[in-house]
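Colleague:
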Amino acid sequence: MQQVIFLGPPGSGKGTQAARIAEILEIPHISTGEILRSNVSQETSLGQQAKTYMDRGDLVPDQLVLDMVEERLKEPDAQKGWILDGFPRTVSQAEFVEEKLSNSDGNSSEGELQAINLDVPDDVLVERLLARGRQDDNEETIRRRLQVYREQTAPLIEFYRDRGQLHDVDGDRTMDEVTACLKKAIAPE
Ligand code: AP5
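Below, the structure is given as structure tokens:
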């Protein structure tokens, strides 16, 4: 059972690479940002609560996201492994993942969690996001998302390094080069 977490600032390529690796490993790619955006566009109660935070570039409150991830991880396709893209993003979200894994029986020997830290310089991130132009890809929100990343999510790099679960990957290369490096790190032949 493979369990992979993608860390990295906005625009580092988490979504792009998580989709590719999920296809290679044949496990679901679970993006909390995508699930939240789909709730916003369907105007669900979760979407209505999350929208203001997302538009500002702030994190959606932990409890909303934890409940959402908990539900998603119960689905049948997630029982054989998963890639989490954009989750965890706070220490309490990371502790939730740890607790979930320690409670899941039987898989401890093969269920090794791996965390990827995609590293890309800020100027490249901003350039990529402005070129993409998603609803939250305007300069002000990008600046806020980067600040939130540094304050709340970057501490997870050491969290996973301390546990011996971190792979640092240079994300400032072509998409194919990054995929090749990830494949080597996560799924060596
Ligand atoms: P989320 O959707 O996770 O956005 P993000 O972290 O800001 O990340 P992005 O999707 O912008 O970038 P990415 O790293 O996935 O890069 P991508 O592959 O798209 O979250 C959005 C919001 O939802 C958050 O701000 C928050 O409000 C909320 N949220 C989500 N999860 C949450 C959580 N766990 N807790 C609380 N709130 C949460 O690539 C970006 C662009 O670059 C693309 O155009 C791509 O084509 C291009 N690109 C990618 N790789 C390369 C490359 N190697 N070379 C050139 N271009 C590249």
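In my numbering, the protein residues as written are 8 to 196.
Ideal Cβ placement from N, Cα and C applies to all residues, glycine included.
(1) How many whole angstroms separate the CB atoms of Val-11 and Ile-193, which I take to be in contact at a CB cut-off of 8 Å?
(2) Ligand 1 heavy atoms versus the CB of Phe-94: any closer than 6 Å?
(3) What's the gap between the Cα of Pro-17 and the Cα of Val-72?
(4) Could you tell me which whole alpha helix (DSSP H) segments of length 4 or greater appear in the stretch 145-183?
(5) Check Ile-12 in the structure and name its three-state DSSP category.
(6) Pick from Asn-110, Ala-187, Phe-94, Arg-44: whose alpha carbon is nearest that of Tyr-156?
(7) Output the residue ranges of the alpha helix (DSSP H) runs that lie fully inside the stretch 23-89 and measure 4 residues or longer, sorted by chain position.
(8) Leaving out five residues before and five after Leu-173 in sequence, what residues of the same chain have Cβ atoms less than 7 Å from its Cβ?
(9) For Gly-178, collect the residues of the same chain with a Cβ closer than 7 Å to its Cβ; drop the 5 residues on either side in sequence, then sort them by chain order.
(10) Where does Asp-92 fall in DSSP's three states?
(11) For the alpha helix (DSSP H) holding Gln-100, just list the boundary residues, first then last.
(12) Whole angstroms are fine: how far does the CA of Ile-42 sit from the CA of Gln-56?
(13) Roughly how many angstroms separate the alpha carbons of Cys-188 and Glu-106, rounded to a whole number?
(14) Which residue from Gln-49, Lys-81, Asp-62, Thr-160 puts its Cα closest to that of Leu-108?
(15) Does the Cβ-Cβ distance between Ile-37 and Leu-120 come in under 7 Å?
(16) Using the Cα positions of Lys-190 and Tyr-60, report the straight-line distance between them to the nearest angstrom.
(17) Taking the alpha helix (DSSP H) that Ala-194 falls in, what are its first and last residues?
(18) Would you call Gln-24 buried or exposed, if buried means 16 or more other Cβ atoms sit within 10 Å of its Cβ?
(19) With a threshold of 6 Å (Cβ to nearest heavy atom), would Ser-197 be considered close to ligand 1?
(20) For Arg-44, which of Asp-62, Asp-69, Glu-30 has the nearest alpha-carbon?
Modeller: Straight from the coordinates:
(1) 6 Å
(2) yes
(3) Pro-17 and Val-72 have their alpha carbons spaced roughly 18 Å apart.
(4) 146-155, 162-169
(5) In this structure, Ile-12 counts as strand in the three-state DSSP scheme.
(6) Phe-94
(7) 39-48, 52-63, 69-80
(8) Ala-122, Asn-124, Ile-164, Tyr-167
(9) Gly-15, Ser-19, Gly-20, Leu-125, Asp-126, Val-127, Val-185
(10) DSSP places Asp-92 in strand when its eight states are reduced to three.
(11) Counting along the chain, Gln-100 sits inside the alpha helix (DSSP H) bounded by residues 98-110.
(12) 13 Å
(13) 29 Å
(14) Closest by C-alpha distance to Leu-108, out of Gln-49, Lys-81, Asp-62, Thr-160, is Lys-81.
(15) The beta carbons of Ile-37 and Leu-120 sit no closer together than 7 Å.
(16) When only Cα atoms are considered, Lys-190 and Tyr-60 end up about 34 Å apart.
(17) First-last for Ala-194: undefined, no H or E at that position.
(18) buried
(19) With the chain running from 8 to 196 in the structure shown, residue 197 is simply not present.
(20) Selected option, being the one with the closest Cα: Asp-62.
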